[in-house]
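Numbering (the working numbering), first residue to last: 747 to 1289.
Structure, rendered in structure tokens:
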């Protein structure tokens, strides 16, 4: 019975007419599902666009107004956020700019009841007076009353035993004057004197990163304040301090804290299909479904040294792919993106060389590198999907995902051949690696100097990589009998990725126009899909 089941699956997965009908049915069903989601979702497209700054300030104002207990630190943080944005807020709310006299009479700044918040949260008269002086200095900076208030605030901050909030509010005034270093010193003084000033510490941390002040960042590390900082800021601090461990820990913390469900699902779907396509070409043993997880995770981890190398190349080598004229932009792209990504992926793949050299199985180095490249593409996809939405899923699945698979697989095989021959093939390895680095740069290159050819170059590169990579797979792998044809996996996979793109777009946007835009993106990359389909159809599915 089991043999019959496998035989039927083997037969039906090679029926082109059935495969095409199945793929079309999946896409058509996704269109209907997306349409149903749009019809049952509240309209979100074409509505009024709210200013994000005003939304954030109003949200925090409401929280402060609804708090049952005084929270002076949150209030002063809100005041520091409010005052630099008054002109923008007045324009957004279509209200006249606020003046000190108007505030004295009404107790409000624009649409926000401020005096009530001061009465509620600043029960200490000294802190209340400092907040009033801060508002006077901001709203009447050209009047004698404002200058006197600013002088009182400055004098309070200059005291050795300065009261709470004095240095914090004085630092905000200094930032208005463009005195960033003096403002940072005032923030650090407040942060060290008052343990509850957590939000101010983060503000000071961001300013220290902006100024690249390693001495102040070292204070954060020595006092243990880094643990409360967001992961991405911790990574940037590691770049300034030259601490690789801090950089990678910050990246891991940031990734774990920001894993959008939709992007993760789309990434898992796209990567899972390439994983399946690669696994079916491995020798028919039980462990073939499990062991690729190790190089896959290594590929995910390879993004960390890549990001660290970006900072090193920009800060110490002046490598910048943007803002330089032709042909320097291409040179920077080769030395930058091409070199660092291919070398970092190869470095992680090299960890498996002792195992590969000991087993001496044909083609395993090629496949190990391919899984490392797939892991790198997985990590990279999350950010792309989060920033650009579901419309780019199929394009990434067909282009960048396979590009990383093929490039890393080919470079890993070249490294394996060099080590297996005791460096007799070192010239071939260096030539291969150099060529792959240049190919990667050309794939990413986009310049008008090419006279329109840049739009065709990625497609040509993908076609050449597909033929070269799958030719090597077919020649080097033992060639197990495949129950399901790779062409069937690929065609149904393209349909599933397209379906996922349409459905996720409908869920996230709730608009039919966005769904149609995602469909146009998918249709635009169909010529690339034909390249893979012809390659699988031509030889591999005959097994």
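Positions of the beta carbon are idealized from the N, C-alpha and C atoms, including for glycine.
Nothing here was measured: the structure is a model prediction, and the numbers come from that model.
Here the region 1157 to 1172 does not lie against the region 1047 to 1065, with fewer than 3 beta-carbon pairs under 8 Å apart.
Residue state for residue 958 is assigned as coil, using DSSP reduced to three classes.
Beta-bridge partners assigned by DSSP to residue 928: none are found. Considering only 1249, 754, 764, the residue with the shortest C-alpha distance to residue 1011 is 1249. Shown here, residue 1145 sits in coil according to DSSP, grouped into three states, outside any helix or strand. One thing to note: residue 1252 has its Cβ no nearer than 7 Å to the Cβ of residue 1120. One thing to note: residue 1116 has its Cβ within 7 Å of the Cβ of residue 1024. For the 7 Å CB-CB criterion, residue 1079 and residue 1191 form a contact. In the structure shown, residue 855 adopts extended strand secondary structure according to DSSP, grouped into three states.
Residue nearest to residue 1087 within the set 980, 928, 1126, 757 is 1126 (criterion: CA-CA distance). With a contact defined as Cβ atoms closer than 8 Å, residue 911 and residue 1013 miss out at about 45 Å.
Residue 881 and residue 923 have their C-alpha atoms some 15 Å from each other.
Nearest neighbour of residue 1263 by Cα position, chosen from 1275, 1244, 1279, 1280, turns out to be 1244.
Taking the Cβ atoms as the reference, residue 803 lies roughly 50 Å from residue 771, outside the contact range of under 8 Å. DSSP places residue 1167 outside any alpha helix (DSSP H), giving it a letter other than H or E. Cα atoms of residue 1138 and residue 948: separation of roughly 35 Å, rounded to the nearest angstrom.
Judged by DSSP secondary structure, residue 1268 falls within the alpha helix (DSSP H) whose first and last residues are 1258 to 1270.
CA-to-CA, the gap between residue 1074 and residue 1063 works out to about 14 Å.
Between the region 951 to 963 and the region 926 to 938, the count of Cβ pairs shorter than 8 Å is three or higher; the stretches touch.
Here DSSP, grouped into helix, strand and coil, assigns residue 942 to coil.
Taken through DSSP and simplified to helix, strand or coil, residue 1037 comes out as coil. The three-state reading of DSSP puts residue 1219 in helix, counting H, G and I together. The DSSP-derived three-state label of residue 1087 is helix.
With fewer than 16 neighbouring CB atoms inside 10 Å of its own CB, residue 961 falls in the exposed class. DSSP, reduced to helix, strand and coil, places residue 1056 within a helical segment of the structure shown. DSSP places residue 993 in the uninterrupted alpha helix (DSSP H) bounded by 990 to 1003. The beta carbons of residue 759 and residue 1231 sit closer together than 7 Å. 783 is the residue among 1185, 783, 865 whose C-alpha sits nearest the C-alpha of residue 1260. For residue 773, the CB contacts under 7 Å within the same chain, skipping 5 residues up- and downstream, are 1241, 1244, 1245 in chain order. Rounded to the nearest whole angstrom, the CA to CA distance from residue 898 to residue 879 is 7 Å. Under the 8 Å Cβ criterion, the region 900 to 909 does not count as touching the region 846 to 858, having fewer than three qualifying pairs.
At least 7 Å separates the beta-carbon of residue 861 from that of residue 868. Taking 7 Å as the cut-off, the beta carbon of residue 1222 is found closer than this to the beta carbon of residue 1108. Contact between residue 1235 and residue 1019 holds: their C-beta atoms lie close to 7 Å from each other, under 8 Å. Taking a C-beta distance under 7 Å as the contact criterion, residue 1178 and residue 1091 do not qualify as a contact pair. In the DSSP annotation of this structure, the continuous segment of the alpha helix (DSSP H) that includes residue 892 starts and ends at 890 to 904.
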